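A quick write-up on the structure given underneath.
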Amino acid sequence: MAIETRKPGAPVQPVIQQGRWPTMPSNRAMSLGLMLPIAEQNAVANDSPRDGFWDTVAMAKLAIDIGFDMLWLPDHFILKMERHGGEARGVWECWTTTAGVAAALPGTPIGTMVAATSFHNPGSIAKMAESIDEISQGNFVLGLGCGWHADEYHMYGLPYDHRVDRFEEALQIISPLVRTGHATFEGEYYQARDAVNFPRGPRWQEGGPPILFGANKPRMMRLTALYADAWNADWQDNAAIVAERMTLLDEACEAVGREPKGLVRTGGSQFAMAGCNYRWRPISGTVDEMAAAMHTFRDVGLVHYLCAPDPCTMETLQDFGEVIRAFDRG
2 MAIETRKPGA
12 PVQPVIQQGR
22 WPTMPSNRAM
32 SLGLMLPIAE
42 QNAVANDSPR
52 DGFWDTVAMA
62 KLAIDIGFDM
72 LWLPDHFILK
82 MERHGGEARG
92 VWECWTTTAG
102 VAAALPGTPI
112 GTMVAATSFH
122 NPGSIAKMAE
132 SIDEISQGNF
142 VLGLGCGWHA
152 DEYHMYGLPY
162 DHRVDRFEEA
172 LQIISPLVRT
182 GHATFEGEYY
192 QARDAVNFPR
202 GPRWQEGGPP
212 ILFGANKPRM
222 MRLTALYADA
232 WNADWQDNAA
242 IVAERMTLLD
252 EACEAVGREP
262 KGLVRTGGSQ
272 FAMAGCNYRW
282 RPISGTVDEM
292 AAAMHTFRDV
302 GLVHYLCAPD
312 PCTMETLQDF
322 GEVIRAFDRG
């Protein structure tokens, strides 16, 4: 599917300079975000008791208290991991939970990391994003991706084929609806006919909430360069890999005539806390060693950095506060 170098709703001004990227109270060179654990029994990590919504809110409040700048939520229906012998474990629904946390913590920066466009109609995604931006008082980041966990697609009868094609079409509806409030598009998978996104949230004059993509392969990098305000490098324990991906992102921007520095660069790492027994590529060690590892991601140019402690409980989150304080000490 051919793409022009510019589409309706494509980003025009860098969101940090424009003031649309959430204000981070810490004024760090690299702000910090927490990936809130909203899966049943911490589905990708340890066997912990089932947490409810208000447990999530309590954890979110603690995260801000110990020094995190922003909160993020994943988007899954279920997770079936080898760690649990392929047993399906549920996840609280992303959009409604994000809206609830945003309402419980007024004005706190919050985002989806990342919402699967193929779970919902593109117009519905734009409407939900606008509504959460209103609820969060203009502090929402719309993180999007094409989905990856095949089991949940098969379980819920969702198409898993041509995911990037579907993602590309969805963007041509979501992006203009979020940025301008209007969209018309006729595609193979999605259509919008004089669709509108009203009422608009608090940032309608500036182009709505920032749009972030999770991407690390060439075609998704190109779509990031065309449509996104921000980019996420996925979970990594090695900053050198993130730097390599940033070079690919720069090349994708140059190929479509976009200034690479205009994209907000984000990434994240898993952290092995006491009791950890399962994570992808976790960072481990002493408090100072973990903080030093975080600095390497700042040094390669990330503006925002997500942390996923494992296990993530109220107790281990308190402990991670020591890592944040060590990070701030430099």
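If you use the numbering used here, the sequence shown corresponds to residues 2 to 331, in order. All C-beta atoms in this analysis are idealised placements derived from N, C-alpha and C, irrespective of residue type, glycine included. Computed from a predicted structure; not experimentally measured.
- Asp162 sits in coil when the DSSP states are folded into three classes, being neither helix nor strand.
- Per DSSP, Asp311 is one residue of the beta strand (DSSP E) stretching across 305-311.
- Per DSSP, reduced to three states, the secondary structure at His296 is helical.
- When DSSP states are grouped into helix, strand and coil, Glu187 belongs to the strand group.
- Here the C-alpha atom of Pro203 lies approximately 43 Å from the C-alpha atom of Thr287.
- For the set Val324, Leu80, Leu264, the Cα lying nearest the Cα of Pro15 is the one of Leu264.
- The alpha-carbon of Leu74 is positioned some 23 Å away from that of Ala240.
- Comparing alpha carbon positions, the residue from Gly276, Ala234, Val197, Val179 closest to Tyr228 is Val179.
- Straight across, the Cα-Cα distance linking Phe120 with Pro200 is about 23 Å.
- In chain order, Trp73, Val142, Gly144 place their CB closer than 6 Å to the CB of Gly112, counting only its own chain and leaving out the 5 sequence neighbours on each side.
- At a Cβ-Cβ threshold of 8 Å, Phe272 and Phe321 count as neighbours.
- Taking the Cα positions, Thr99 is about 8 Å away from Ile133.
- In the displayed model, Met31 falls within coil according to three-state DSSP, outside both helix and strand.
- Distances from the alpha-carbon of His150 to those of Val115, Met315, Gly182 put Val115 closest.
- Taken through DSSP and simplified to helix, strand or coil, Gln237 comes out as coil.
- When DSSP states are grouped into helix, strand and coil, Gln173 belongs to the helix group.
- Here the alpha carbon of Glu187 sits roughly 21 Å from the alpha carbon of Tyr161.
- At the C-beta level, Ser270 and Trp236 come within 8 Å of one another.
- Tyr306 is not a Cβ neighbour of Gly331, given a cutoff of 8 Å.
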